[in-house]
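Novice:
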Amino acid sequence: MSIDLSQFVPVFLEESFEGLEVMESGLLNLEEDDAEAINAIFRAAHSIKGGAGTFGFSNITDFTHVVETLMDELRAGRRSCSDSLKSVLLSSVDCIRLLLEAARDGTSCDDPQIKQVHQQLEAELSFDNKDKVAIVDNEFEKIEISSSPVAVKETQGWVIDFAPAPHLLMTGNEPILLISALADLGQLVTYAATDQVPSLDELNPEELFLHWKIDLYSDCSELAVREVFEWVEGDCSLSVLPLQTLADEVSEESVPNDSVSDEIAFDKVAEKSSTALVLNNESVEQPTIRSETASSKNNDDSSAAPAQNTRKIQADQGSIRVGIDKIDGLINRVGELVITQSMLGQVGLEMSDCDHPGVERLNDGLVQLERNTRDLQEEVMRIRMLPISFVFNRFPRMVHDISSKLGKVVELTLSGEQTELDKTVMEKIGDPLLHLIRNALDHGLETPQERIATGKAESGTIHLSASHQGGFIIIQIKDDGRGLDTNKIQEKALSSGLITTDQVLSDSDIHDLIFVPGFSTVAEVNDLSGRGVGMDVVRRNIEALGGYVAVVSEAGEGSTFTVSLPLTLAILDGQLIKTQHEIYIIPLLSIIESIWVSTESLNAVAGRGRLFLFRDEYIPVINLSDVFCLSETTKSFTNSLMVIVEGGGKRAGLIVDELQGQQQVVIKSLETNYKRVEGFSGATILGTGQVALILDVAGVIKMGLDSSTKQYPHAINKDDGYLLAKVDI
Amino acid sequence: MTEAVEPLLLETRQFLTFILADEEYGVDILRVQEIRGWVPVTRIPNSPGYMKGVLNLRGEIIPIIDLRMRFGLQSREYGATTVVIVVWINGPESEHCMGIVVDAVADTYDVSSDDIQPAPLIRNGIDPKFFEALATMNEKMVVLLDLDYLMNSDEQSCVDLDRLQ
């Protein structure tokens with residue numbers, strides 16, 4: 001029977017941290033009297049407490065118990081949600097997090113903050129104790145089987161958790177007889193949990209949905225208790241613990257005056273439980289079950305309870321927890337499968353001329369294989385996709401904290417939280433977004449006085465939105481603050497030598513300067529934005545993910561930062577191109593169009609760079625074979641094939657020799673065994689088994705522009721020669 | 730042959746040796762993953778000349794370097810005996826794989842630690858830092874290579890060598 005509980009601790013911690021997030025976001029949104037939100041917070045607190053109790057983290061149990069009690073009173077409407085209560089509860093979330101982290105790291109946590117918050121919570125709790133006492137017993141349906149009243153301070157005995165399997169009744173066993181048998185051993189207090197009972201129309205009368213928590217006050221041995229359950233041992237989960245070890249909890253439950261709901265799993269709904277019992281087995285005699293409490297309050301709860309329970313059950317059935325390494329392994333395997341499939345496809349094509357009756361069948365099979373592989377790959381990729389709310393949910397709390405620290409009134413609105421993206425992208429985007437929001441709070445939004453003086457509403461708004469656009473996710477952070485001050489930026493850039501006085505810059509060029517390394521407009525470093533992480537780091541991190549960030553700003557009206565990121569880092573649709581016998585892959589998403597151009601349509605600028613008029617815009621023309629130093633002589637542009645691409649917010653025309661097929665490619669990192677190569681975001685394996693490099697379009701445009709304005713920084717790399725010394729001119 | 734009286738002290742290591750410009754070089758056999766024939770690789774633009782390109786090794790993309798060029802020796806046409814030795818490299822952060830192109834594979838030897846001595850400073854153009862030690866095998870001198878340094882040292886070292894010559 002003994003199970004090593006420690007193996008479940010990581011799961012408990014993970015769930016608890018998620019629970020904390022639920023509590024946090026719930027508390028922040030608790031402006032209106034939202035019963036659903038309060039319930040969600042309560043449930044989260046409750047399951048943290050329950051789990052902590054199971055794993056013996058008594059400090060977490062104690063602390064969370066108070067939070068839970070407060071939430072429970074809120075839930076029952078016995079307490080109104082004041083701002084002070086909210087902030088105490090919010091800080092309690094931090095404390096629980098500290099405690100959980102300590103539990104995870106195996107350290108003890110005695111932060112003075114925890115004690116302090118604990119006291120605050122207790123103070124809140126005792127604030128109107130009188131109200132509470134009157135309704136204390138609502139929380140439990142106590143079913144007494146023993147006729148004599150329960151002796152309150154008994155400490156000898158057993159706490160029995162009896163959770164029969166749904167099919168118990170069909171095995172011919174009768175829980176009520178078991179409980180009666182227990183009653184022969186001593187005094188009994190029985191709590192029936194009805195939280196698993198489905199609504200009436202879904203209820204299968206032949207199944208058992210109840211479970212029981214039984215306090216047995218007796219000096220009998222554990223063996224005697226277990227003997228009672230001997231016949232149902234395989235059909236139930238049973239735990240028998242001595243009362244002594246649970247003395248704290250028990251005394252609390254059995255003393256009416258200080259007891260408040262402890263175990264919500266043993267949810268009480270008097271009507272429901274008795275109905276369920278009758279439905280389950282008609283032989284149960286009603287009179288033996290005496291319901292101590294069934295106040296009108298309970299009726300209110302009962303309408304909400306079934307809805308919650310069914311939803312909970314659905315969620316439980318709908319998900320499993322799998323380690324990310326397993327999923328990554330799966331994705332890698334599928335990647336290999338795709339490569340093998342495209343290799344076979346190629347073989348099939350080559351064999352289609354072959355005069356053999358099997359060839360047609362082979363090709364049919366290959367088509368099917370291709371479809372199935374693609375579907376499989378899509379499905380597997382979807383496993384990793386998560387809604388961006390995982391990231392967004394961190395922000396309301398942060399905005400709440402920072403704005404109060406700064407004395408600003410800020411309203412944060414979110415939209416498109418359900419937009420899905422790859423988990424790896426999500427993990428890496430949190431910090432850059434955090435920084436952008438901090439920045440908006442700190443530099444973007446004005447203080448209420450300033451806002452009123454400029455005729456704006458007192459409270460500033462930050463709008464955070466996410467949406468899909470092609471294969472990208474677009475995240476916008478929009479504030480209605482003062483906007484970027486172009487003069488100030490220009491001054492700063494001049495003084496730090498980023499630009500020269502003779503440079504004529506458009507507003508958007510100036511705005512772009514904030515992303516340049518070594519630029520920061522705030523003179524003094526404060527603990528919010530100026531943590532040594534500049535906008536240049538934000539841009540670099542985002543670009544490392546294959547995305548880009550841009551800013552649009554209007555003085556006095558606010559700024560909008562737009563972050564665009566690829567949905568996944570694992571696969572992409574690519575266009576195969578050939579230049580100088582080398583095959584490269586251009587991400588299909590960055591291609592606008594491919595055209596034949598003649599020399600006349602290319603306008604030379606200063607001899608070297610060339611521009612092409614594309615849709616009323618002059619775009620630079622980049623010869624791939626020059627940028628990659630593939631040939632020794634610069635080819636003249638006579639009727640060339642040009643692929644017009646967009647990357648990093650810029651457009652350019654790439655001169656290539658040949659367009660080949662389009663295919664979905666699995667992105668492999670060059671960094672695993674080698675290192676990052678400028679101009680490439682990775683590599684892939686083609687159907688032939690050959691490696692092809694994937695162009696990083698933004699990087700190639702940058703290289704192309706650099707080399708057309710400067711001399712080539714790299715010496716010609718001859719196939720069989722040495723690298724000649726790099727000479728920077 | 731020395732008698733293995735104290736095997737703990739007289740540790741024996743196995744080396745795989747290969748030929749490069751008529752010289753024999755050795756690498757610790759535990760570092761060798763496999764030996765393959767030369768196949769064309771995908772070039773990496775703007776990389777140093779000794780970096781031949783990348784190769785698909787069962788789904789892994791591994792870099793292939795030409796050891797002759799890495800050492801600043803005269804390169805030569807790849808022929809029938811040209812092989813790629815795939816070895817493990819311990820990098821600053823993680824272990825990774827790479828292939829080195831050599832003229833031919835020679836032999837494997839058991840060498841007791843007695844027969845290994847530190848490499849003297851040789852001024853023949855090859856950076857002595859690439860050498861881990863010298864070993865005597867069958868009365869021949871074999872240079873044992875420091876693979877980690879070979880791949881992890883920055884590209885600049887090679888350029889400096891070219892200047893020296």
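Top line first, the protein sequences correspond to chains A and B.
Position 42 of the first sequence, counted from 1, bears residue number 42 in my numbering, the numbering being contiguous throughout.
Position 101 of the second sequence, counted from 1, bears residue number 830 in my numbering, the numbering being contiguous throughout.
Think of the CB as a built atom: it goes at the ideal place given N, C-alpha and C, for glycine as much as any other residue.
(1) May I ask you to report which of helix, strand or coil DSSP gives L876 (chain B)?
(2) Would you call the CB atoms of I829 (chain B) and L873 (chain B) closer than 9 Å?
(3) What residues in its chain sit with their C-beta under 6 Å from that of S342 (chain A), if we drop five residues either side in the sequence?
(4) Taking just the CA atoms, how far does G50 (chain A) sit from D62 (chain A)?
(5) Could you tell me the boundaries of the alpha helix (DSSP H) in which N439 (chain A) lies?
(6) Using the beta-carbon of each residue, which ones in chain A are nearer than 8 Å to N785 (chain B)?
(7) May I have the straight-line CA-CA distance separating V225 (chain A) from N204 (chain A), to the nearest angstrom?
(8) What are the complete alpha helix (DSSP H) segments, minimum 4 residues, inside the stretch 376-411 of chain A?
(9) Would you verify that the beta carbon of V770 (chain B) is, or is not, closer than 9 Å to some beta carbon of chain A?
(10) If you scan the stretch 54-134 of chain A from start to end, which runs of the alpha helix (DSSP H) of 4 or more residues do you find wholly inside it?
(11) I'd like the list of long-range same chain contacts for L90 (chain A), defined as Cβ closer than 6 Å, with 5 residues on each side in sequence excluded.
(12) Using a C-beta cutoff of 9 Å, does N819 (chain B) count as contacting chain A?
(13) Y674 (chain A) and I814 (chain B): beta carbons closer than 9 Å?
(14) Does DSSP classify E861 (chain B) as helix, strand or coil?
(15) For the stretch 414-425 of chain A and the stretch 378-391 of chain A, state whether three or more C-beta atom pairs, one from each stretch, are separated by less than 8 Å.
(16) Grouping DSSP H, G and I as helix and E and B as strand, with all else coil, what is F744 (chain B)?
(17) Taking 9 Å as the threshold (C-beta atoms), are L749 (chain B) and L796 (chain B) in contact?
(18) DSSP puts D839 (chain B) in a beta bridge; with which residues?
(19) Going by DSSP, name the residue or residues bridged to K578 (chain A).
(20) Do T579 (chain A) and V656 (chain A) count as a contact pair if the criterion is CB distance below 9 Å?
(21) Report yes or no: is there a C-beta of chain E within less than 9 Å of the C-beta of N673 (chain A)?
(22) Since I214 (chain A) is in the alpha helix (DSSP H), which residue starts that stretch and which ends it?
(23) By the DSSP assignment, the alpha helix (DSSP H) with I477 (chain A) in it spans what residues?
(24) Using a Cβ cut-off of 7 Å, pull out every chain B residue sitting near K739 (chain A), in sequence order please.
(25) What are the boundary residues of the alpha helix (DSSP H) that E222 (chain A) is part of?
(26) Against H336 (chain A), what residues of chain B qualify as contacts under a CB-to-CB distance less than 9 Å, listed in chain order?
(27) If you check the beta carbons only, do V734 (chain A) and G653 (chain A) fall under 9 Å apart?
(28) Quick check on this structure: which residue in A:L376, A:I320, A:D509 has the alpha carbon closest to the alpha carbon of D485 (chain A)?
(29) Would DSSP call W767 (chain B) helix, strand or coil?
(30) Alpha helix (DSSP H) containing H167 (chain A): first to last residue?
(31) Skipping 5 residues on each side, what residues in its chain have a beta carbon closer than 6 Å to that of R799 (chain B)?
(32) So is G172 (chain A) buried or exposed if we call it buried at 16+ other beta carbons inside 10 Å?
(33) With a cut-off of 8 Å, do at least 3 Cβ pairs link the stretch 584-601 of chain A to the stretch 449-462 of chain A?
(34) Closest Cβ-Cβ distance between N541 (chain A) and chain B: below 9 Å?
(35) Nearest CA to the CA of D480 (chain A): which residue from A:E554, A:D512, A:A35?
(36) Rounded C-beta distance between A698 (chain A) and Y548 (chain A)? I'm assuming under 8 Å.
Specialist: With the given structure in hand:
(1) Locating residue 876 (chain B) in the second sequence gives position 147, counting from the first residue. Here L876 (chain B) sits in helix by DSSP.
(2) Walking along the second sequence from the start, residue 829 (chain B) turns up at place 100. Walking along the second sequence from the start, residue 873 (chain B) turns up at place 144. No, they are not a contact pair.
(3) As a first step, residue 342 (chain A) is located in the first sequence; it is residue number 342 there, counting from the start. Closer than 6 Å at the Cβ level, and outside the excluded window around S342 (chain A), lie G687.
(4) Counting from one through the first sequence, the residue named residue 62 (chain A) turns up at place 62. Counting from one through the first sequence, the residue named residue 50 (chain A) turns up at place 50. So the two alpha carbons sit approximately 11 Å from each other.
(5) In the first sequence, the residue the question calls residue 439 (chain A) occupies position 439. 423-439 is the span of the alpha helix (DSSP H), which, as asked, contains N439 (chain A).
(6) Taking the first residue of the second sequence as position 1, residue 785 (chain B) is located at position 56. Those are I685, G689, Q690, V691, listed as they occur along chain A.
(7) Taking the first residue of the first sequence as 1, we reach residue 225 (chain A) at position 225. Taking the first residue of the first sequence as 1, we reach residue 204 (chain A) at position 204. Distance between the alpha carbons of V225 (chain A) and N204 (chain A) is about 30 Å.
(8) 389-392, 394-406
(9) Position 41 of the second sequence, counted from the first residue, corresponds to residue 770 (chain B). Cβ-Cβ to chain A under 9 Å: yes for V770 (chain B).
(10) 58-75, 83-105, 112-127, 129-134
(11) In the first sequence, the residue the question calls residue 90 (chain A) occupies position 90. L27.
(12) Here residue 819 (chain B) corresponds to residue number 90 of the second sequence, with the count starting at 1. Closer than 9 Å: no.
(13) In the first sequence, the residue the question calls residue 674 (chain A) occupies position 674. In the second sequence, the residue the question calls residue 814 (chain B) occupies position 85. Not a contact, by the Cβ cut-off of 9 Å.
(14) Residue mapping note: residue 861 (chain B) aligns to position 132 of the second sequence, counting from 1. Correct three-state label for E861 (chain B): strand.
(15) yes
(16) For the purposes of this step, residue 744 (chain B) is identified with residue 15 of the second sequence, where counting begins at 1. Correct three-state label for F744 (chain B): strand.
(17) In the second sequence, residue 796 (chain B) corresponds to position 67, counting from 1. In the second sequence, residue 749 (chain B) corresponds to position 20, counting from 1. A contact, by the Cβ cut-off of 9 Å.
(18) As a working mapping, residue 839 (chain B) is identified with position 110 in the second sequence. Looking at the DSSP assignment, D839 (chain B) forms a beta bridge with B:Q743.
(19) Taking the first residue of the first sequence as 1, we reach residue 578 (chain A) at position 578. The partner list for K578 (chain A) (beta bridge, DSSP) reads A:I583, A:E658.
(20) Along the first sequence, read from residue 1 onward, the residue named residue 656 (chain A) stands at position 656. Along the first sequence, read from residue 1 onward, the residue named residue 579 (chain A) stands at position 579. Yes.
(21) In summary, chain E is missing from the structure at hand, where the protein chains are A and B.
(22) On the first sequence, position 214 is the one that residue 214 (chain A) refers to. Where I214 (chain A) is concerned, there is no enclosing alpha helix (DSSP H), although the beta strand (DSSP E) it sits in stretches over 211-217.
(23) Taking the first sequence and counting its residues from 1, one reaches residue 477 (chain A) at position 477. I477 (chain A) -> not in any alpha helix (DSSP H); beta strand (DSSP E) instead, spanning 472-479.
(24) In the structure as shown, chain A begins at 1 and stops at 729. Residue 739 (chain A) is therefore absent and cannot be evaluated.
(25) One-based indexing of the first sequence puts residue 222 (chain A) at position 222. Element bounds for E222 (chain A): 222-228.
(26) Position 336 of the first sequence holds residue 336 (chain A). Inspection of the sequence shows that residue 336 (chain A) is occupied by Glu rather than by His. Near E336 (chain A) (Cβ distances below 9 Å), the residues of chain B are R787, G788.
(27) Residue 734 (chain A) is absent from the model: chain A starts at 1 and stops at 729.
(28) Numbered from its first residue, the first sequence carries residue 485 (chain A) at position 485. Considering only alpha carbons, the answer is A:D509.
(29) Taking the second sequence and counting its residues from 1, the one referred to as residue 767 (chain B) is at position 38. It is coil, neither helix nor strand.
(30) Position 167 of the first sequence, counting from 1, holds the residue named residue 167 (chain A). It is not in any alpha helix (DSSP H) - H167 (chain A) carries neither H nor E in the DSSP assignment.
(31) In the second sequence, residue 799 (chain B) corresponds to position 70, counting from 1. The answer, listed in chain order, is Y779.
(32) Numbered from its first residue, the first sequence carries residue 172 (chain A) at position 172. Exposed: under 16 other Cβ atoms inside 10 Å.
(33) no
(34) What you label residue 541 (chain A) is simply residue 541 of the first sequence in a count that begins at 1. Chain B contact via Cβ: absent.
(35) For the purposes of this step, residue 480 (chain A) is identified with residue 480 of the first sequence, where counting begins at 1. It is A:E554 whose Cα lies nearest to the Cα of D480 (chain A).
(36) Position 698 of the first sequence, counted from the start, is the residue given in the question as residue 698 (chain A). Position 548 of the first sequence, counted from the start, is the residue given in the question as residue 548 (chain A). Yes, A698 (chain A) and Y548 (chain A) are in contact; Cβ-Cβ is about 6 Å, under 8 Å.
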